[in-house]
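Okay, structure first, notes after.
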Amino acid sequence: QVIEAILQEATYAPSWKNSQCWRFYVVTEPTALKNLKEQGLPEGNR
Numbered sequence: 001q002v003i004e005a006i007l008q009e010a011t012y013a014p015s016w017k018n019s020q021c022w023r024f025y026v027v028t029e030p031t032a033l034k035n036l037k038e039q040g041l042p043e044g045n046r
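Read in the UniProt record's numbering, the sequence shown has 43 at position 43, and its numbers run on one by one without any break.
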């Protein structure tokens, strides 16, 4: 329920030209999350 509430609120964030083309991914498996952080985010944004 907490994740659903967070995602619902995130849809109110501004978007480019108000296009609202939201795409959310919920990753809860620790190994997958670690890999995503290492491969997909610059070190300063982890």
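The beta carbon of each residue, even a glycine, is placed where N, CA and C say it ideally should be.
Excluding the five sequence neighbours on either side, which residues of its own chain have a C-beta within less than 7 Å of the C-beta of Val26, listed in chain order?
-> Here residue 26 refers to the residue found at position 26 when the sequence shown is read from its first residue. Cβ neighbours of Val26 beyond the five flanking positions: Ile3.
Can you tell me the Cβ-Cβ gap for Ala5 and Phe24, rounded? I've got them flagged as a contact below 8 Å.
-> Position 5 of the sequence shown holds residue 5. Position 24 of the sequence shown holds residue 24. Actually they do not touch by this definition, with Cβ atoms about 13 Å apart.
Could you check the C-alpha separation between Glu43 and Glu29 for me, to the nearest Å?
-> For the purposes of this step, residue 43 is taken as the residue at position 43 of the sequence shown. For the purposes of this step, residue 29 is taken as the residue at position 29 of the sequence shown. Cα-Cα distance, rounded: 20 Å.
Sorted by chain position, which residues of the same chain lie with C-beta nearer than 8 Å to Leu7's C-beta, five sequence neighbours on each side aside?
-> In the sequence shown, the residue the question calls residue 7 occupies position 7. Only Phe24 and Val26 meet the Cβ criterion.
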